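>
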Amino acid sequence: MVSVCLATYNGEKYIKEQLQSILSQIGDEDEVIISDDGSIDNTLSIIEGINDARIKLFHNTGEHGFSKNFVNALNQAQGEYIFLSDQDDVWLPDKYEIVLPLLKEYDLVVTNSSVTDENLNIIKPSFFSYYNSGKGILKNIIYSTYYGSCMAFRKTVFEDACPFPESKEIGFDVWIGLVAEMTGKVFFLDKPLLLYRRHSNTVTSSGNLLNRSNRTLFQKLRGRIIMLKHVISFYLRYKFSCKKA
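Quick note on this note's numbering: the sequence shown kicks off at 1243 and runs consecutively.
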């Protein structure tokens, strides 16, 4: 069974197109877990109007925000394999059938995407080439290339990643990616399987794709140090628990 975890917040403009691209691919026994962060537009009515039993809608009643909303969705997932999805992208037709077999071999798979404008006109044909995406713990601490919308993983990776660091310096997706590298096998697939839509209301941290972060050097350095401390702490706990077992 596969769980597609999707976080929504005022996503009425694109959510139907994205859900249709997912539902047309997944199996009858799979599920789409949606956590909504308090939308005040028509997002919820659009989701309910699709009327597909595979969609399971939850409300994020805890701390709000992008990462917390996604973690709420992940906590509801029942599938052995988990795909992450943003509310405004579009899955290309063969995403599911290509990635699912890879999850039999790898613990986490990151797929390439084509970056588009709001009308799905391609801006950058390869997200990987633009961001130099790839494995490497130190590399991804310095500059993360683990973006949730491009990730799928075994549920055991999520379980290992819990509890998530409370620091806002560590996105839920990069944390899952780093944990997967420390505990299992990660694969970056170069084939674009997603239309990665960028627009003025983008919620994700990479919404400023063509304009890099305006954080100060001190802020960036502080964030990397915090992340490194969490990674070292996790690694030592994990290795110690493995030895005890």
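Beta carbons are placed, not taken as given, at the ideal position from N, Cα and C, and that holds for glycine.
A quick note: this is a predicted structure, and the numbers were derived from the prediction, not measured.
With distances taken Cα to Cα, identify the nearest neighbour of SER1375 among LEU1362, ASN1361, MET1393.
The option with the nearest alpha carbon to SER1375 is MET1393.
> Would you kindly work out how many angstroms separate the C-alpha atoms of GLN1260 and VAL1332, rounded to a whole number?
Near 5 Å, if we compare the C-alpha coordinates of VAL1332 and GLN1260.
> Quickly, what does DSSP pair THR1189 with across the bridge? List them, please.
Because residue 1189 is not part of the residues shown, which for the chain are 1243 to 1487, the question remains open.
> Can you give the beta carbon distance from ASP1349 to LYS1427, rounded, assuming they're within the 8 Å contact cut?
Yes, they are in contact, since the Cβ atoms of ASP1349 and LYS1427 sit about 5 Å apart, within 8 Å.
> Any contact between the stretch 1385-1402 and the stretch 1415-1422? By contact I mean 3 or more CB pairs, one from each, below 8 Å.
The stretch 1385-1402, when compared against the stretch 1415-1422, does touch it at the 8 Å Cβ threshold.
> Output yes or no for whether 8 Å exceeds the beta carbon distance between ASP1278 and THR1250.
Yes. Within cutoff.
> Which class does MET1469 belong to by DSSP, given the choice of helix, strand or coil?
Note: MET1469 maps to helix in three-state DSSP.
> With distance defined between alpha-carbon atoms, name the residue in ARG1457, LYS1337, ILE1282 nearest to LEU1431.
The option with the nearest alpha carbon to LEU1431 is LYS1337.
> Excluding the five sequence neighbours on either side, which residues of its own chain have a C-beta within less than 7 Å of the C-beta of TYR1438, listed in chain order?
Excluding sequence neighbours, TYR1438 sits near ASP1331, SER1355, SER1356, VAL1357, THR1358, PHE1369, SER1391.
> Where DSSP assigns a beta bridge to TRP1333, which residues make up the other side?
For TRP1333, which the question treats as bridged, DSSP gives the partners LEU1436.
> Please go through the stretch 1247-1328 and give each complete alpha helix (DSSP H) segment of 4 or more residues, from N-terminal end onward.
List check, alpha helix (DSSP H) in window: 1257-1265, 1285-1292, 1308-1318.
> Taking the beta strand (DSSP E) that GLY1387 belongs to, which residues open and close that run?
The question names Gly, but residue 1387 in the sequence shown is Thr. Where THR1387 is concerned, there is no enclosing beta strand (DSSP E), given that its DSSP letter is neither H nor E.
> Using CA coordinates, which residue listed in SER1483, ALA1422, TYR1385 is at the minimum distance from SER1396?
Going by the sequence as given, residue 1396 is Arg instead of Ser. For the residues SER1483, ALA1422, TYR1385, the minimum Cα distance to ARG1396 belongs to ALA1422.
> Note down the Cα distance separating ASN1252 from ILE1467, rounded to an integer number of angstroms.
If you take the alpha carbons of ASN1252 and ILE1467, they lie about 33 Å apart.
> Classify CYS1247: buried if its beta carbon has 16 or more other beta carbons within 10 angstroms, exposed otherwise.
Answer is buried; the Cβ neighbour count reaches 16.
> Specify, as a first and last residue, the run of the beta strand (DSSP E) that LEU1350 falls within.
From DSSP, the beta strand (DSSP E) with LEU1350 extends over 1350-1358.
> Could you compute how far the alpha carbon of SER1409 sits from the alpha carbon of PHE1312?
If I take the Cα positions, the gap works out to 15 Å.
> How far does the beta strand (DSSP E) with PHE1395 in it reach, from first residue to last?
1393-1396 is the span of the beta strand (DSSP E), which, as asked, contains PHE1395.
> Does the Cβ-Cβ distance between ASN1302 and ASN1317 come in under 8 Å?
In this structure, ASN1317 does not lie closer than 8 Å to ASN1302 by Cβ.
> Could you check where the beta strand (DSSP E) with ILE1412 kicks off and where it finishes?
That residue, ILE1412, is in no beta strand (DSSP E); it is neither H nor E in DSSP.
> Rounded to whole angstroms, what's the CA-CA distance from PHE1325 to ARG1464? Just pull it up for me.
Distance between the alpha carbons of PHE1325 and ARG1464: 31 Å.
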